[in-house]
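In my numbering, the protein residues as written are 21 to 129.
Positions of the beta carbon are idealized from the N, C-alpha and C atoms, including for glycine.
Structural data, given as structure tokens:
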């Protein structure tokens, strides 16, 4: 994104890495706690294929906390730029929505 906007992209790599890690934790949790109807794809695949999974390695609450830490690390890494604060708010709002969804799915399971 930074390169496409014509600005140096070097300072943005950590953001991408941390958001990628947060996304993977959320995906692991969805695989463990959602149904196929909830997310529109097969679930239980990590167990079925004996894949490493944060949801299998940690409790639900610990996995959610790990995801939230990665999101915080990601937003803290955003370089100073005109849109920094709105981007932080957007990322945090999306992460909060994911956590809310995961908690609802866990309660329904």
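DSSP-derived helix/strand/coil call for residue i
| i | result |
| --- | --- |
| residue 100 | coil |
| residue 54 | coil |
| residue 47 | helix |
| residue 128 | helix |
| residue 21 | coil |
| residue 60 | coil |
is_contact[residue i, chain D] using C-beta, thresh 8 Å
| i | result |
| --- | --- |
| residue 59 | Of the protein chains in this structure there is only one, and it is not chain D. |
Whole-angstrom C-beta distance between residue j and residue i, which should lie under 8 Å
| i | j | result |
| --- | --- | --- |
| residue 97 | residue 34 | 4 Å |
| residue 126 | residue 53 | 5 Å |
| residue 81 | residue 63 | Actually they do not touch by this definition, with Cβ atoms about 20 Å apart. |
| residue 91 | residue 65 | Actually they do not touch by this definition, with Cβ atoms about 24 Å apart. |
Endpoints, the alpha helix (DSSP H) within which residue i is located
| i | result |
| --- | --- |
| residue 75 | 74-77 |
| residue 67 | 65-68 |
CA-to-CA distance, residue j to residue i, given in whole angstroms
| i | j | result |
| --- | --- | --- |
| residue 46 | residue 118 | 8 Å |
| residue 103 | residue 29 | 15 Å |
| residue 41 | residue 48 | 11 Å |
| residue 76 | residue 26 | 41 Å |
| residue 39 | residue 108 | 12 Å |
| residue 114 | residue 120 | 10 Å |
| residue 94 | residue 110 | 12 Å |
| residue 106 | residue 116 | 15 Å |
| residue 129 | residue 58 | 11 Å |
| residue 85 | residue 72 | 18 Å |
Residue i Cβ short of 7 Å to the ligand GTP heavy atom set
| i | result |
| --- | --- |
| residue 75 | Annotation note on the ligand GTP: not contained in the displayed structure, which lists no ligands. |
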